[in-house]
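Here the structure comes first, spelled out in structure tokens, and everything after it is commentary.
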Amino acid sequence: MTTTTLPTSTFSSTRTLLTCGILAGPVFVATGVVQGLTRAGFDFTRHPASVLSNGSLGFVQITNFLVTGLLTIAAAAGIRRVLPGRWGPRLLTGYGISLLCAGVFRADPQDGFPAGTPAGPPSSISWHGTLHFAAGGIGFLALVGACFAIGSHLAPARAWYSRLSGLLFLAGFAGVASGSASPAVTLGFWAAVVVAFTWLAATSTYLLSRGEAR
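The sequence shown runs 1038 to 1251 under this note's numbering.
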């Protein structure tokens, strides 16, 4: 694995950036799960986290997207400081930007959420719903690419873990992109999100624990 040695003056800030990579997943997943368990009409087997941006408490999920996006962009900056490749951090930054866009462009209500919404998919897609889906699709592919690009600069076992994480996330994304409303597909995508953020946290932790930020 090739790494970059940093001046002491930048060590503290690099550690902070990599710590953002550790926090991004827990912040996003925990906030989404708590909302899913407490908001009327939400069902983990039918709804992705995006629909939580609707309703009177939609600002919570919007903020979740924005905060997680900023944490992800910060993590990408930290990884860029300690690994030689540029495409991995760039792609990860792209994913962070897509999260910001997901917060700005709200997904449409669907399949009974928020409470009172008709069952099934929306009868028509709004302009902001279209932009939300487009940003998500681009961002998800960027995340898969980041797993492969960043992994190529890590030790063999870590490299394979990065590639596997990318492939698992791609499989979860492909399931929801197919338009399937199967509970297995929806839950599979939730699991894929956890896998991806676990990879980001594990990679950031590894770089910190190895002292790569020094």
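For glycine and all other residues, C-beta sits at the position ideal for the given N, C-alpha and C.
Practice task
Determine which residues share a DSSP beta bridge with residue 1150 and list them.
Solution key: 1147
Exercise for the section: Answer yes or no: do residue 1146 and residue 1091 have a C-beta to C-beta separation smaller than 8 Å? Expected result: yes
Handout entry: Residues of its chain near residue 1233, where Cβ-Cβ distance is below 7 Å and the 5 sequence neighbours each way are ignored
Key = 1180, 1202, 1206
Exercise for the section: Compare the beta carbon distance of residue 1125 and residue 1134 with 8 Å and say whether it is the shorter of the two. Expected result: no
Exercise for the section: With DSSP collapsed to three states, give me the class of residue 1126. Expected result: helix
Problem - For residue 1183 and residue 1103, believed in contact at Cβ under 8 Å, the rounded distance - result: About 20 Å separates the two Cβ atoms, so there is no contact after all.
Problem - residue 1075 classed as buried or exposed, judged by whether at least 16 other C-beta atoms fall within 10 angstroms - result: exposed
Practice task
Using alpha carbons as the reference points, say which of 1093, 1112, 1099 lies closest to residue 1052.
Solution key: 1112
Problem - residue 1168 beta carbon less than 8 Å from that of residue 1142 - result: yes
Practice task
In angstroms with no decimal places, state the Cα-to-Cα distance between residue 1054 and residue 1215.
Solution key: 35 Å
Exercise for the section: Just mark residue 1236 as buried or exposed, buried being the case when its beta carbon has 16 or more other beta carbons within 10 Å. Expected result: buried
Problem - Top-ranked residue by Cα proximity to residue 1072, from 1085, 1175, 1187 - result: 1085
Handout entry: Distance, residue 1228 Cα to residue 1164 Cα
Key = 28 Å
Practice task
Report the rounded CA-to-CA distance for residue 1098 versus residue 1148, giving the unit in angstroms.
Solution key: 18 Å
Practice task
Given a cut-off of 8 Å, decide if residue 1224 and residue 1068 are closer than it, judged by their beta-carbon atoms.
Solution key: no
Problem - residue 1131 versus residue 1194: straight-line alpha-carbon distance, rounded - result: 25 Å
Handout entry: residue 1082 (DSSP reduced to helix, strand or coil)
Key = coil
Problem - Limits of the unbroken alpha helix (DSSP H) element including residue 1102 - result: 1095–1119
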